[in-house]
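Take a look at the structure below.
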Amino acid sequence: MKKIIASGMALLLFLLSGTTTASAAAAENMGETPSGIAYTKLEEEIDKYIDVRKDTTSSVSIAYFNETENIASVIYGDANTAENIKADEETVYEWGSISKVLVWISVMQLYEQGKIDLDEDIGNYLPDGFLSNLSYDEPITMTHLMNHTAGFQETTWDVEVLDKKDIISLRDALLATAPPQIYKVGTTVSYSNWGAALAAYIVECVSGMDYAEYVRQNIFEPLGMNQTSILPDCSDNEWVESRRDLTNAYYNVQGEYEDYGTCRRYILLYPAGAATGTMSDLVRFAKAFLTDSKDCPFFTKADTLDKMFSPTLYYDGTDTPRICHGLFSQEYGVRLIGHAGNTTGFSANLVLDRENRTGLVVMTNEVGETTYNYGLVSLIFGDCKTETGFTYDDLSGIYCNSRANYSKSFMKLYSMISGLLPVTKGKTEGSYQAAMVGSITQISENACIMDDGNGLKTYLHIKRDSNGNVAALQHMTGMDFQKENTAVFVIKIIFFFLFVLSSFWTLLMLIVHGITLHKHKQIWSKKLYQLLAELFVVLASIMIYWLMLPPLMGGSFTKTQVVLKCVLIILCTLMEIVMLLIGWFGVKNTENIKNNMRQKIGFTVTKASGILLIANVLYWHFYQFWGC
0 MKKIIASGMA
10 LLLFLLSGTT
20 TASAAAAENM
30 GETPSGIAYT
40 KLEEEIDKYI
50 DVRKDTTSSV
60 SIAYFNETEN
70 IASVIYGDAN
80 TAENIKADEE
90 TVYEWGSISK
100 VLVWISVMQL
110 YEQGKIDLDE
120 DIGNYLPDGF
130 LSNLSYDEPI
140 TMTHLMNHTA
150 GFQETTWDVE
160 VLDKKDIISL
170 RDALLATAPP
180 QIYKVGTTVS
190 YSNWGAALAA
200 YIVECVSGMD
210 YAEYVRQNIF
220 EPLGMNQTSI
230 LPDCSDNEWV
240 ESRRDLTNAY
250 YNVQGEYEDY
260 GTCRRYILLY
270 PAGAATGTMS
280 DLVRFAKAFL
290 TDSKDCPFFT
300 KADTLDKMFS
310 PTLYYDGTDT
320 PRICHGLFSQ
330 EYGVRLIGHA
340 GNTTGFSANL
350 VLDRENRTGL
360 VVMTNEVGET
370 TYNYGLVSLI
380 FGDCKTETGF
390 TYDDLSGIYC
400 NSRANYSKSF
410 MKLYSMISGL
420 LPVTKGKTEG
430 SYQAAMVGSI
440 TQISENACIM
450 DDGNGLKTYL
460 HIKRDSNGNV
470 AALQHMTGMD
480 FQKENTAVFV
490 IKIIFFFLFV
500 LSSFWTLLML
510 IVHGITLHKH
520 KQIWSKKLYQ
530 LLAELFVVLA
540 SIMIYWLMLP
550 PLMGGSFTKT
560 QVVLKCVLII
570 LCTLMEIVML
580 LIGWFGVKNT
590 ENIKNNMRQK
600 IGFTVTKASG
610 ILLIANVLYW
620 HFYQFWGC
């Protein structure tokens, strides 16, 4: 009898279990991603995606979710390979520029309360004289800061420090790193960390609260985000601070591997990029955007969230949204909205599909990672749709990144080196190769896709001038690639590289003449002029190369370093002018040089090097330490 009862109960449980499982499966099968992956298969597809790329993966945390639950959640890899620490739910990652979303929420909260007018001159909210480095009279509004159209050159001064003792207040950091204004307000999208940090300082001024405390009370606490910090050293959350040192940062792309260690760098403009926390907290934060407007925990009024998601900037000549109150509109298989982030050691991405009420968060401990941060966006949401029947443009040419367009100070040259996008025609119509960033393919009359071959597929809008010619390629993440006059650009590059070649030649001659003088000390009086002329060219050249090294290596400047290098360049250049005057007016020490053909040629080359040095110092503003 017991066996019969047991068998009956087992059969009943089996039937009930089967019914329940079938019902759950049926419910789950009702959902699929915009790219067509069934929810029940999504984690499997993500696992397959990772498996192909696991050899170049340190760690990645992934969550695809709706407003109430995680549809798929995957954590893979090592938070710290050396210590054999696996990534898990308690691993903390740096948000990078996703931190800016906290700024824009804070601004919209104060807008909702009537304390900030988005279209009012921000000078009305700041202390008198705070904005002292402006080139244009047009007022800057909060909307301009949100759209990255305030015109600021990207900051190069002291944006991060290596010792927490050097951390200063947000106000002092803004004053210390204030960039020049190089674009007329509202004309050019140029992503600005300084502008976002300035908006956070306005939150301080208006609310009367320290920005970090404001975020804690008005965003973190209401959402229960107990595993996230905002200050540069994570000191506002002891748990995060302790967990951060367990996570290493890596460069791990296409077989190139480097362990950066814990990579603690403290961002002085911290509202723009210093938030740090767990995947679960960032997902909790993202889900708050997917609720009905009336239920959004960020705001008290039903229409504020809708206001935040409404476009504040469109791509030129279209009704395609580009920026929505600080959030970037992104064209994939569906229109997304969100923000990505990168620090020296981490990469992350947050994207929201408001129409389908789903979102994706990706967090990695890899520098500049694109395979997951963007490749998974394409996998889940699909690629931007390709159209037919349009006329292809000629996109070939040289483009300069508006964010890297340093029109003032010695950083002018940096624009010509690091901010360039040379585009050449590919093998098929509408296809192009872009140096160092992959391929560009025109997919419609006004749009292209840039593909780096490593997951990063980004939307580019074609901007045309009044004559219908391509003027710029507008990137979906807050920058314009502005087309340059190729002939003028080539002349500038040749001009600088002639100086580079001449400086190396001068260095060689300096070594030869130095050895000669060491062996034949009696000819010092005949060679002293040429030796000094060569020495000043070489010293100035070394200072120039040293000056340009930090940004080329991905670092930032300190004022002391820049002032010292520029002063030495000025002194060497002035001495070179003296040497040239001596040479031209012909002192006795140069008479023998002039009467010897071989020495005359060397003498002429030395003068030419000096002239090229002076011309490049003046044109590229290598003396202008105050304009950086």
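Going by numbering that gives the first Met the number 0, the first residue of the sequence shown is number 0, and it counts up by one from there. Just so it is clear, CB atoms sit at the ideal spot from N, CA and C, and this is done for glycine as well.
Counting pairs of Cβ atoms below 8 Å between the stretch 277-288 and the stretch 111-126, do you hit three or more?
-> no
Under the rule that 16 or more other beta-carbon atoms within 10 Å means buried, what is ALA434, buried or exposed?
-> exposed
In angstroms, rounded to a whole number, what distance separates the CA positions of GLY207 and ASP318?
-> 38 Å
Short check: CB of MET542 to CB of CYS571, under 8 Å?
-> yes
Cβ distance (whole Å) where ASP395 is taken to contact LYS424 below 8 Å | Residue identity check: residue 395 is Ser in the sequence provided, not Asp. Yes, they are in contact, since the Cβ atoms of SER395 and LYS424 sit about 5 Å apart, within 8 Å.
Return the bridge partner residues of ILE461 from the DSSP annotation.
-> LEU472
Separation of LYS462 from ASP315, as counted between CA atoms | 6 Å
Between the Cα of ASN678 and the Cα atoms of PRO138, THR385, VAL499, which residue gives the shortest distance?
-> The question about residue 678 has no answer, for the chain in this structure spans 0 to 627.
With respect to the beta strand (DSSP E) encompassing ALA195, which residues constitute its N-terminal and C-terminal limits?
-> Counting along the chain, ALA195 falls outside any beta strand (DSSP E), though it belongs to the alpha helix (DSSP H) covering 192-206.
With ARG353 as the anchor, note down where its alpha helix (DSSP H) starts and where it stops.
-> Unbroken run through ARG353: none, as it is neither H nor E.
Short Cβ contact (8 Å threshold) for MET478 with VAL100 | no
Classify PRO178 as helix, strand or coil using the three-state DSSP reduction.
-> coil
Since ASN225 sits in a beta bridge, which residues does DSSP pair it with?
-> Beta-bridge pairing links ASN225 to no other residue.
State the Cα-Cα distance for the pair LEU268 and GLY340, rounded to the nearest angstrom.
-> 14 Å
DSSP-derived helix/strand/coil call for ALA347 | strand
Are there three or more Cβ pairs, one per stretch, closer than 8 Å when the stretch 374-389 is compared with the stretch 404-422?
-> no
Does DSSP put VAL616 in a helix, in a strand, or in coil?
-> helix
Would you call the stretch 100-120 and the stretch 131-145 touching, i.e. three or more CB-CB distances under 8 Å?
-> yes
Based on Cα-Cα distance, which residue from THR55, LYS599, PRO179 lies nearest to ASN364?
-> THR55
MET107 - containing alpha helix (DSSP H), residue span | 98-111
Are GLU44 and VAL73 close, meaning C-beta to C-beta below 8 Å?
-> no
Under 8 Å, do SER346 and GLY95 count as touching if we go by C-beta distance?
-> yes
Whole-angstrom distance between ILE322 and LEU312, CA atom to CA atom = 5 Å
Neighbourhood of ALA271 by C-beta distance below 7 Å, restricted to the same chain and skipping five residues each side = SER96, SER98, LYS99, ASN192, ALA195, ALA196
When you compare only the Cα positions, how much space is there between PHE64 and THR39?
-> 13 Å
For MET478, the first and last residue of its enclosing alpha helix (DSSP H) | No alpha helix (DSSP H) contains MET478, which is instead part of the beta strand (DSSP E) from 478-482.
Of all Cβ atoms in chain C, is any one closer than 8 Å to the Cβ of GLU212?
-> Considering every chain present, this structure includes no chain C. It has just one protein chain.
For LEU326, the first and last residue of its enclosing beta strand (DSSP E) = 326-330
Report the three-state DSSP secondary structure of ALA433 (helix, strand or coil).
-> strand
Give me the Cα-Cα distance between ALA285 and LEU506, rounded to the nearest whole angstrom.
-> 57 Å
Nearest candidate by alpha-carbon position, reference ASP136, set ALA211, TYR618, ILE181 = ILE181
Curious, which full-length alpha helix (DSSP H) runs of at least 4 residues does the stretch 367-419 contain?
-> 374-380, 410-416
Residues bridged to MET449 (per DSSP) = ILE439, THR457
Measure the alpha-carbon distance for PRO296 versus THR67 and round it to whole angstroms.
-> 14 Å
Under the three-state reduction of DSSP, which class applies to GLU31: helix, strand or coil?
-> strand
Are the beta-carbon atoms belonging to THR534 and LEU509 less than 8 Å from one another?
-> First, the residue type needs correcting, since residue 534 is Leu and not Thr in the sequence shown. Contact: yes.
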